[in-house]
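Take 17 as the starting number for the sequence shown in the working numbering and just add one per residue. Ideal Cβ placement from N, Cα and C applies to all residues, glycine included.
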Amino acid sequence: MNDDNVGPPPLPGHAQPDASPSGYAAPSSFDPPPLPTHDPRPAAPQQPVPGPSDPERAQFQVTEGTRTYPCDTCGAQLVFDPASQQLLCPSCGRSHQIVLDPNRRVVEHDLASTMTQLRGLIAENSSGQTVSEREIVCQSCGGRTTFSGTLTATRCPYCATPIQRDDIHDAPTRLPVDGILPFQVDDKQGREVIEKWINSRWFAPTEFKKYREVGAFSSVYAAYFTYDADTTTSYTGMRGDNYTVTVGSGDNRRTETRTRWSHRSGVVGVDFDDVAVLANTGFDTDKVHELEPWPTAQATPYTPEFVAGHLCRTYDHDADQCFPVAQARIDAGIDHAIRRDIGGDHQRINSKDTRYNALTFKHVLLPIWLLTVVYAGNPFQVFINGVTGEVQGQRPWSKVKIAFAVLAALIVIIAVVATWAALR
17 MNDDNVGPPP LPGHAQPDAS PSGYAAPSSF DPPPLPTHDP RPAAPQQPVP GPSDPERAQF
77 QVTEGTRTYP CDTCGAQLVF DPASQQLLCP SCGRSHQIVL DPNRRVVEHD LASTMTQLRG
137 LIAENSSGQT VSEREIVCQS CGGRTTFSGT LTATRCPYCA TPIQRDDIHD APTRLPVDGI
197 LPFQVDDKQG REVIEKWINS RWFAPTEFKK YREVGAFSSV YAAYFTYDAD TTTSYTGMRG
257 DNYTVTVGSG DNRRTETRTR WSHRSGVVGV DFDDVAVLAN TGFDTDKVHE LEPWPTAQAT
317 PYTPEFVAGH LCRTYDHDAD QCFPVAQARI DAGIDHAIRR DIGGDHQRIN SKDTRYNALT
377 FKHVLLPIWL LTVVYAGNPF QVFINGVTGE VQGQRPWSKV KIAFAVLAAL IVIIAVVATW
437 AALR
């Protein structure tokens, strides 16, 4: 799943580079079509706007299969505000509480049986996977937005109305979203963090630091699978204990450290909770992995209100396809437990046999602030954990700044040497 040269995920109004050499599909994006003067199709009938505490606040566009969240005071579109954790109207400033069902829980699924059932449904469904390009008519202005790839929520490029596509999440041949970790870092905080991170990169090109003019900053819910595993592993190995001996005589007398090896075997049981794996292409997976840890215990059952006003993607790789990444981390954790069980100063693992007593997963949406800057024809991505504020990213290097720094260092060294020589 690692890809060191991937393009940015979908960003409004920005074209997407071609697929990477690794074979990953290029992430979804759209280019706004010309603004239509008139849409011949009538707007779909809309339901009455619910009250402030009604969980069915959304207006559903039946013909388009999308939803929006109009303010019941002024009619403008509501967005999820990370600062207040409520739906906020950017026009009149009114906030609306998001009502959660106290009886709902984030559900975990057995990996083997769930994926077997899903494969059967896909085989029975002649249309296969439902993730495909689809053109949506905005019910606010009549402009057209193209949902392509795994994009499920965006804004109209003409009037900025937040639009969510429901048919992907509800499709029988797709794994449903089990939970969501809402944004807690808002736009202002995100920009402050980005500013601090970029300004601390002394050798970044000056043009790169003009990210406000040349970059795109957006909030996106990325698709993840988290895995829980109950494992039991039997192993054989070697324990090495250091000891010292005195060798030689006279002036050659010295102490040497040697290692005494002994055979060891045993059984270790290790439980793993919420091993998170990114399920989207188009991200620098190494940098995104460094955003961890995610406080996944705070995830709530999926509620689409939390997505209003933000980009959102469904998964590109399913739970089976993502599991090898989790398994590598699980194996590393098991190795650590075995070495601890062997003890001593050195450990060797000769063989191991792991049994998964239970293996479950859940599909969650995790919040990421993303800055994409195209410099010298290459996209560079900077990521912010939308909950903790952790920043990780790519940056170009300025050869000119590095050359000046090396030259300055040489001048200082020469000056110090000359001063020292003069004082002798």
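Between the CA atoms of Tyr85 and Glu306 - distance to the nearest angstrom: 34 Å
Inter-stretch contact (C-beta, 8 Å, three-pair minimum) for the segment 118-137 and the segment 189-207: yes
Three or more C-beta pairs below 8 Å linking the segment 285-293 and the segment 349-369: yes
Could you please give the first and the last residue of the uninterrupted beta strand (DSSP E) stretch that includes Ser278? 270-294
At least three beta-carbon pairs within less than 8 Å, the segment 247-254 to the segment 361-376: yes
Please state the DSSP three-state secondary structure of Pro317. strand
Buried or exposed by the 16-neighbour rule on C-beta atoms within 10 Å, applied to Val432: exposed
If distances are taken between C-alpha atoms only, which option among Val403, Tyr259, Leu381 comes closest to Thr166? Leu381
Quick test of your reading: Ser235 and Pro395, contact by CB under 8 Å. State the CB separation rounded to the nearest angstrom. Not really, about 18 Å apart at Cβ, beyond 8 Å.
To which residues does DSSP link Cys90 through a beta bridge? Beta-bridge pairing links Cys90 to no other residue.
Between which residues of its own chain and Glu406 is the CB-CB distance below 6 Å, once the five residues before and five after are set aside? Leu307
Out of curiosity, what's the CA-to-CA distance linking Pro106 and Pro309? 32 Å
Run through DSSP, which three-state label would Phe322 get? helix
Of all the beta strand (DSSP E) runs that stay within the bounds of the segment 96-134, which reach a length of 3 or more residues? 102-104
Quick check: what's the CA-CA separation for Cys90 versus Glu208? 31 Å
Based on Cα-Cα distance, which residue from Thr170, Ser278, Pro98, Ala239 lies nearest to Gly206? Pro98
Using 8 Å for Cβ pairs, my map puts Arg371 next to Thr247. What's the rounded Cβ distance? 7 Å
From Tyr318 to Gln200, what distance separates their C-alpha atoms? 16 Å
If the criterion is Cβ atoms closer than 8 Å, does the pair Thr168 and Ile184 meet it? yes
Measuring CA to CA, which of Leu94, Pro118, Asp126 is closest to His112? Leu94
Spatially closest choice to Pro188 from Glu151, Ile214, Gly158, Met131, by CA coordinates: Met131
Nearest to Ile179 (by Cα), restricted to the options Asp202, Gln101, Ile152, Thr249: Ile152
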